[in-house]
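**Q**
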Amino acid sequence: MVRNPLSLLAALLLGVASSSFSPADERQPAEKSAVKMTAQELADWIDKRFEEEYQKAGTKPGELVDDATFLRRVYLDLQGRIPTVAQLRDFMSEESSFKRQDYVDRLLTREKRPEQFSKRSADHLARVWRRIMVPAASPGVGFGPQLDPWLAKQFSANTPYDQVARKLLLVSPIQNGRGLSFGGAVPAEPMTPDPDAAAGVFQQAVGQSPENLAAAYVRVFLGVRLHCAQCHDHPSADWKRDDFWGVAALLSTDNAKNPAAVKAPVITPGTEQISYTAKLLWEKEPLKEVPANKSSRELLADWMVSKDNPNFAATAVNRVWQYLCGRGLAGSVDNLDQVSPQERKILDDLAKLFVESGYDVRWLITGICKSKVYQQGVMQGTETEQEGFVHRPLKALLPEQVFDSLEQALSLPVAVADKGPRFNGEREQFVARMNESTTETPADFKGGIPQALMLMNGKLTADATSLDSSRTLRAVVEAPFLSNEQKIETLYLAAITRKPRAEEMEYLKSHVASKATDEERKQAYAEIMWGLLNGPEFVLSR
Numbered sequence: 036m037v038r039n040p041l042s043l044l045a046a047l048l049l050g051v052a053s054s055s056f057s058p059a060d061e062r063q064p065a066e067k068s069a070v071k072m073t074a075q076e077l078a079d080w081i082d083k084r085f086e087e088e089y090q091k092a093g094t095k096p097g098e099l100v101d102d103a104t105f106l107r108r109v110y111l112d113l114q115g116r117i118p119t120v121a122q123l124r125d126f127m128s129e130e131s132s133f134k135r136q137d138y139v140d141r142l143l144t145r146e147k148r149p150e151q152f153s154k155r156s157a158d159h160l161a162r163v164w165r166r167i168m169v170p171a172a173s174p175g176v177g178f179g180p181q182l183d184p185w186l187a188k189q190f191s192a193n194t195p196y197d198q199v200a201r202k203l204l205l206v207s208p209i210q211n212g213r214g215l216s217f218g219g220a221v222p223a224e225p226m227t228p229d230p231d232a233a234a235g236v237f238q239q240a241v242g243q244s245p246e247n248l249a250a251a252y253v254r255v256f257l258g259v260r261l262h263c264a265q266c267h268d269h270p271s272a273d274w275k276r277d278d279f280w281g282v283a284a285l286l287s288t289d290n291a292k293n294p295a296a297v298k299a300p301v302i303t304p305g306t307e308q309i310s311y312t313a314k315l316l317w318e319k320e321p322l323k324e325v326p327a328n329k330s331s332r333e334l335l336a337d338w339m340v341s342k343d344n345p346n347f348a349a350t351a352v353n354r355v356w357q358y359l360c361g362r363g364l365a366g367s368v369d370n371l372d373q374v375s376p377q378e379r380k381i382l383d384d385l386a387k388l389f390v391e392s393g394y395d396v397r398w399l400i401t402g403i404c405k406s407k408v409y410q411q412g413v414m415q416g417t418e419t420e421q422e423g424f425v426h427r428p429l430k431a432l433l434p435e436q437v438f439d440s441l442e443q444a445l446s447l448p449v450a451v452a453d454k455g456p457r458f459n460g461e462r463e464q465f466v467a468r469m470n471e472s473t474t475e476t477p478a479d480f481k482g483g484i485p486q487a488l489m490l491m492n493g494k495l496t497a498d499a500t501s502l503d504s505s506r507t508l509r510a511v512v513e514a515p516f517l518s519n520e521q522k523i524e525t526l527y528l529a530a531i532t533r534k535p536r537a538e539e540m541e542y543l544k545s546h547v548a549s550k551a552t553d554e555e556r557k558q559a560y561a562e563i564m565w566g567l568l569n570g571p572e573f574v575l576s577r
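So the mapping is simple: this note's numbering equals the position in the sequence shown, first residue as 1, plus 35.
1. Taking C-alpha atoms, which residue in ALA431, LYS342, VAL413, LEU257 lies nearest to GLN373?
2. Between MET72 and GLY402, is the Cβ-Cβ spacing less than 9 Å?
3. Let me confirm a value: ALA537 is counted as buried when at least 16 other C-beta atoms fall within 10 Å, else exposed. Which label applies?
4. What does the Cβ neighbour count give for ARG462, buried or exposed, with the cut at 16 atoms within 10 Å?
5. Put LEU382 into one of helix, strand or coil per three-state DSSP.
6. With distance defined between alpha-carbon atoms, name the residue in LEU142, VAL100, PRO96, PHE126 nearest to GLY115.
7. Starting from ASP82, follow the alpha helix (DSSP H) in both directions and report where the run begins and ends.
8. Which residues bound the alpha helix (DSSP H) around GLN521?
9. Flag this pair as yes or no: are the beta carbons of LEU204 and ARG332 separated by less than 9 Å?
10. Along the chain, where does the alpha helix (DSSP H) that runs through ILE400 open and close?
11. Do you know whose CA, among ALA559, SER341, SER518, PHE438, lies nearest ARG468's CA?
12. To the nearest angstrom, how far is the alpha carbon of GLY533 from that of ALA103?
13. Could you check what DSSP says for ARG260 in three-state terms: helix, strand or coil?
14. Can you tell which of ARG509, SER392, ASP384 has the C-alpha that lies nearest to the C-alpha of ILE81?
15. Could you tell me the alpha carbon to alpha carbon distance between VAL100 and GLY412, rounded to whole angstroms?
16. Can you name, in chain order, every residue of its own chain whose Cβ lies under 8 Å from the Cβ of PRO96, other than the five neighbours on each side?
17. Helix, strand or coil: how does DSSP classify VAL253 here?
18. In this structure, does DSSP put SER156 in helix, strand or coil?
19. Can you list, in chain order, the residues of its chain whose CB lies under 7 Å from that of ALA74, leaving out five sequence neighbours each side?
20. Out of PHE389, ALA365, ASN370, LEU388, which one is the CA nearest neighbour of GLU378?
21. Taking 7 Å as the limit between beta carbons, can you name the residues of its chain near ILE117, skipping five residues before and five after?
22. Taking all protein chains shown into account, do 16 or more other C-beta atoms lie within 10 angstroms of the C-beta of ALA452, making it buried, or fewer, making it exposed?
23. Helix, strand or coil for ALA59? Go by DSSP, reduced to three states.
24. Among ALA121, ASP125, GLY179, ASN193, which residue has its Cα nearest to the Cα of LYS154?
25. Buried or exposed: where does SER128 fall if 16 or more other Cβ atoms within 10 Å of its Cβ makes it buried?
26. Using the beta-carbon count (16 or more within 10 Å), is ALA161 buried or exposed?
27. Alpha carbon to alpha carbon, how far is ASN519 from SER173?
28. Assuming LEU567 contacts TYR527 (C-beta within less than 8 Å), just tell me the rounded distance between them.
29. Name the two residues that bound the continuous alpha helix (DSSP H) containing SER545.
30. Using CA coordinates, which residue listed in GLN357, ARG354, LEU285, GLY363 is at the minimum distance from ASP337?
31. The alpha helix (DSSP H) spanning VAL109 covers which residue range?
32. With a threshold of 16 other CB atoms inside 10 Å of the CB of PHE465, please say whether the residue is buried or exposed.
33. Rounded to a whole number of angstroms, what is the C-alpha to C-alpha distance between MET414 and LEU359?
34. According to DSSP, LYS430 sits in a beta bridge with which residue or residues?
35. Report buried or exposed for TYR542, applying the criterion of at least 16 other Cβ atoms within 10 angstroms of its Cβ.
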């Protein structure tokens, strides 16, 4: 028997069609690994350490969120979009006590290759990490998206984080305008998918001068804003001008075998430029010589990703924690050098475990998402009450998350939602508009869907309330087996991943019932959907 596609979609939205999510077997926690902690053991370790901090602070952890909120949160964090209504209903009906842990694995894991990231997760996390690496104020920020495929490949293969950093540190731009490659390789054509060459896009994005690269590498990988010492000694930290230019000297040439020297720009007219010799951060004396088998970049890379470097692993962990939990585990992710040893105790201990794991990013993300700390509700209260790492703030969605969630909520296939060229389609225009409200990191995003939709004034905006374009809206409105209450509930689940509250349901039911004709009632449902998409809940991860 051939079923009507809209009837099938409505059935899936309501949750009456068969589920593709099979219940997990009840089981005991995994046995302790002889090599490293399992992700579940890491989650347990995190919860234990936070419980100790709660006791010290005389506070209590927040209540765990309900299933719907958890699923919305984990889908947005790990795949960059909200879940479908069918996925949500399946999850809420599942009774296994391990279903949250299982779903984290399901979203992150590549089918048949459990050690690797799923493609959707790899693509999404690549965009997140690129935003971290290439802030909006970067001189070549327009090059940033070209870095996404290379980063996605690293995430997909779960390349150890120290290896990813080394590749980004060692890549050398070829000065002929044709492309980028690792030192001395044959130049690539512009926009080539060659993964090694693509890593060099990072240098184009942040600016290829030694001083721009020094500031970018130290911020991204060590959590230190060294650029303030470019023109003068840092006003609030111990960094001096020679610290900044010492690192820049290491980047002044691709294959220098002797300590390079760079000249600082003239700050005061009439004075001379000053030359600085290569020097590693936190070292008092400049380098005497570079080993015969090393270039200056290799020396910098060896030092920066070393297990003995106090900030490399800690900065990576702090950035992952901030992305998943809304704020850094210790201080600001870009001012980690100004955090006291006591404040960063948990961070440093977690960073050691990260090193012991072999810089396994998937393991780190999985462990955090399986922890009760990650699953706590957002703290309601004054700004003062929410200070401290024990409280979770609301997170605003990134522009890409907003677009992809709109596409999901409205059941608009990507082919329909974005027919334009890769960098000029509706999705890219939408992201560009919302980027105007961003600052330097994903956690700082302050945009809003109303402004973005009004600015776009394009096809996607019209699709939001069009019965011809939004398959979700049409399936719900035209489903004969759904009551008015069920239709309203389904629209809520599709847009903001929760059921309407009692007072919301009563108001909206009376609003629909007040309409005299079928067409007016259909328009009323379209207005409900429009209101949900324009509300703050749609652009927030709670």
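Quick reminder that beta carbons are idealized off the backbone N, C-alpha and C, glycines included.
**A** In this structure, then:
1. LEU257
2. In this structure, GLY402 lies closer than 9 Å to MET72 by Cβ.
3. exposed
4. buried
5. helix
6. Closest in alpha carbon position to GLY115, among LEU142, VAL100, PRO96, PHE126, is LEU142.
7. 74 to 92
8. 519 to 531
9. yes
10. 396 to 405
11. That would be PHE438, whose Cα lies nearest to the Cα of ARG468.
12. The sequence given here has Arg at residue 533, not Gly. Rounded to whole angstroms, ARG533 to ALA103 spans 6 Å at the Cα level.
13. coil
14. ASP384
15. About 5 Å.
16. PHE85, GLU86, TYR89, LYS407, VAL408, GLN411, VAL425
17. helix
18. helix
19. TRP398, THR401, GLY402, LYS405
20. ALA365
21. Same-chain partners within the cutoff: ARG107, TYR110, LEU111, SER440, GLN443, ALA444, THR532.
22. For ALA452, the predicted model reports a pLDDT of 44, less than 50, meaning its position is unreliable and no value from the coordinates is stated.
23. Confidence in ALA59 is poor, its pLDDT being 37 and thus under 50, which makes the residue's placement too unreliable to answer from.
24. ASN193
25. exposed
26. By the 16-neighbour rule on beta-carbons within 10 angstroms, ALA161 is buried.
27. Taking the straight line joining both Cα atoms gives about 50 Å.
28. 7 Å
29. Note, SER545: alpha helix (DSSP H), 537 to 548.
30. LEU285
31. 102 to 114
32. buried
33. 15 Å
34. SER576
35. exposed
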